[in-house]
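Accompanying notes for the structure given below.
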Amino acid sequence: MGDGGQGNSDDVRKMYDILRRIRESDAGIPIEDFDRDSLDSDDETCGPEDDEEADTNGVEGGQHGEFEECYELDIAERLKDVDINDADEVWEHLTQEEKEEFKKLLATGDIMKLVPDFRPWWLKDNKTSKIVDISKKNEGDCHRNIPPIYENIATFSTICSKEPAPCLHYNLWNILTAYACTARYFHGEQLANPNESAAFMVNLSSSLKYGTNFEEVEDAIVSVEIEALTTGNGAAQLLPTNSPQTLIVESRDQLHADAKALMSTRHNKLAALSDILKIFQLTKNILKKAKKEHAEFQKLFALSSGMEELTRTKTQQIVKKLEFYLSYVNRDAESDLK
């Protein structure tokens, strides 16, 4: 099975688990008792120890197991031909009880406890060995889901005859910091809804939004934090006043750590910029096919939430800018080859 098939299978399994947990929450099982690690577990079979535990639970455990199996079969049947990445389509196939419980979890903020932990690709594993097995190096990169680098990077000298301005370096800090926030906010699923991710990123990065040039790293990073606090990014407005604050920027320390990690190597810069470019390329295609009524809704939503409307023209400008930054970052590699 290819990577795409495996990814879809994992998405379906996680959706089943989340729906089961929603049902258990409705049945009175505390959210805190949920084992979030099982969402990321590939072990779908019961070992001997599990069988022994089931035997000790007696008839009641057996009945519970049968009920679980019936419920999972019901979910599988309802979601058989459903695109798990299409939230609207999944919602239409939920039962009324599941919808009500989902709304309740959303209102209390407990819904985030059902979401598996997200570890950004740019963060290295804490446990690192001094001895590196070269044959497994690429496997480690694959496990971290590092975005593939854009293949058609133009040579910098062919698109710019002048020396790059110093502000480009600081602007890059601003763009990649906004990318880090976006990736964390969308839990690493920024490509699932590229138009939303693109709009989110533009409104966090002054360099992308206004063409602002920065002269210091600190200003470039803090600017993202300020935009996150001052821009009504829709989702933040849905949080009830008595709920725990799930801020776009959890802390300034995290913001700095993410930015430094992304800017630490040429490969990280190219990977991040390539991921951003893909987001905006997909968004450009979506905007081409968007119906007039849908475009009007996007405009109204953008205005009501304090966000800038992302038009086809604006998106194309950003695509060109990102291609330029890829060439700018890759110019060091060009020098290495001389």
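The C-terminal residue of the sequence shown carries number 340 in the working numbering, and the numbering is unbroken.
We treat Cβ as the ideally placed atom computed from N, Cα and C, and that holds for glycine.
Return the first residue and the last residue of the alpha helix (DSSP H) that S208 is part of. S208 to K211
Relative to the C-alpha of K316, which residue among D334, F282 and A335 is closest? F282
Checking 8 Å against the spacing of the C-beta atoms, do Q319 and K286 come in under that value? no
Tell me whether the segment 272 to 282 and the segment 178 to 186 touch, counting them as touching only if at least three CB pairs, one residue from each stretch, are closer than 8 Å. yes
G213 and F120: beta carbons closer than 8 Å? no
Exposed or buried, which one is T232 when buried takes at least 16 other CB atoms within 10 Å? exposed
Have a look at A194, A230, N195 and S199 and flag the residue whose alpha-carbon is nearest the alpha-carbon of S208. A230
Within 10 angstroms of its Cβ, does T157 collect 16 or more other Cβ (buried), or is it exposed? exposed
In this structure, how does DSSP classify H269 when only helix, strand and coil are distinguished? helix
Sequence-distant residues of its chain with Cβ nearer than 8 Å to V331 (five each side left out): If we look at V331 and ignore the five residues flanking it on each side, its Cβ neighbours are L174, R268, K271, L272 and L275.
Could you check what DSSP says for R186 in three-state terms: helix, strand or coil? helix
Proximity of H258 and I223 at Cβ, strictly below 8 Å: yes
I'd like to know whether the C-beta atoms of A263 and W124 end up nearer to each other than 8 Å. yes
Cβ pair V226, C169 closer than 8 Å: no
Would you kindly check if the distance between the Cβ of Y172 and the Cβ of E218 is under 8 Å? yes
Taking the alpha carbon of K211 as the point to measure from, which residue in Y152, S199, L108 and L312 has its own alpha carbon closest? Closest option to K211, Cα to Cα, is L312.
Sorted by chain position, which residues of the same chain lie with C-beta nearer than 7 Å to R333's C-beta, five sequence neighbours on each side aside? F158
Which term fits N147, buried or exposed, when burial requires 16 or more other beta carbons within 10 angstroms of its beta carbon? Sixteen is the threshold: since fewer than 16 other Cβ atoms of the shown chains lie within 10 Å of the Cβ of N147, the residue is exposed.
Please look up how many angstroms separate the CB atoms of I77 and S329, rounded, as I've assumed it's under 8 Å. About 48 Å; that fails the 8 Å criterion.
Alpha-carbon to alpha-carbon, K323 and K82: 41 Å
Classify D260: buried if its beta carbon has 16 or more other beta carbons within 10 angstroms, exposed otherwise. buried
Could you spell out the range, first to last residue, of the alpha helix (DSSP H) harbouring D85? Counting along the chain, D85 falls outside any alpha helix (DSSP H), and DSSP gives it neither H nor E.
Among residues of its own chain, excluding the 5 on either side of I80, which ones have a beta-carbon nearer than 6 Å to its beta-carbon? For clarity, residue 80 is Arg in the given sequence; the question names Ile instead. Correct list, in chain order: H95.
Among F188, Y187 and A200, which has the Cα closest to the Cα of K280? A200
Looking only at its own chain, which residues have a Cβ that is under 6 Å from the Cβ of L305, when we skip the five neighbours before and after it? Unreliable placement is indicated for L305, whose pLDDT of 45 sits below 50; no coordinate value is reported for it.
Spatially closest choice to V321 from V204, S266 and Q256, by CA coordinates: V204
For the candidate residues R254, E198, Q192 and E165, whose alpha-carbon lies nearest to that of L221? Correcting the residue identity first, residue 221 is Asp in this sequence and not Leu. Comparing Cα positions, the closest option is R254.
Between Q283 and the ligand HEM, is the CB less than 7 Å from at least one heavy atom? Among the components modelled here there is no ligand, and therefore nothing to report on the ligand HEM.
Limits of the alpha helix (DSSP H) - the one that L108 falls within: That run of the alpha helix (DSSP H) goes Q98 to T110.
K126 to N195, Cα distance in whole Å? Near 26 Å, if we compare the C-alpha coordinates of N195 and K126.
Limits of the unbroken alpha helix (DSSP H) element including E229: Per DSSP, the continuous alpha helix (DSSP H) segment holding E229 begins and ends at V219 to T232.
Expressed to the nearest angstrom, what Euclidean distance is found between the alpha-carbon atoms of E100 and I155? 47 Å
For A167, is the classification buried or exposed, using 16 other Cβ atoms within 10 angstroms of its Cβ as the cut-off for buried? A167 should be labelled exposed.
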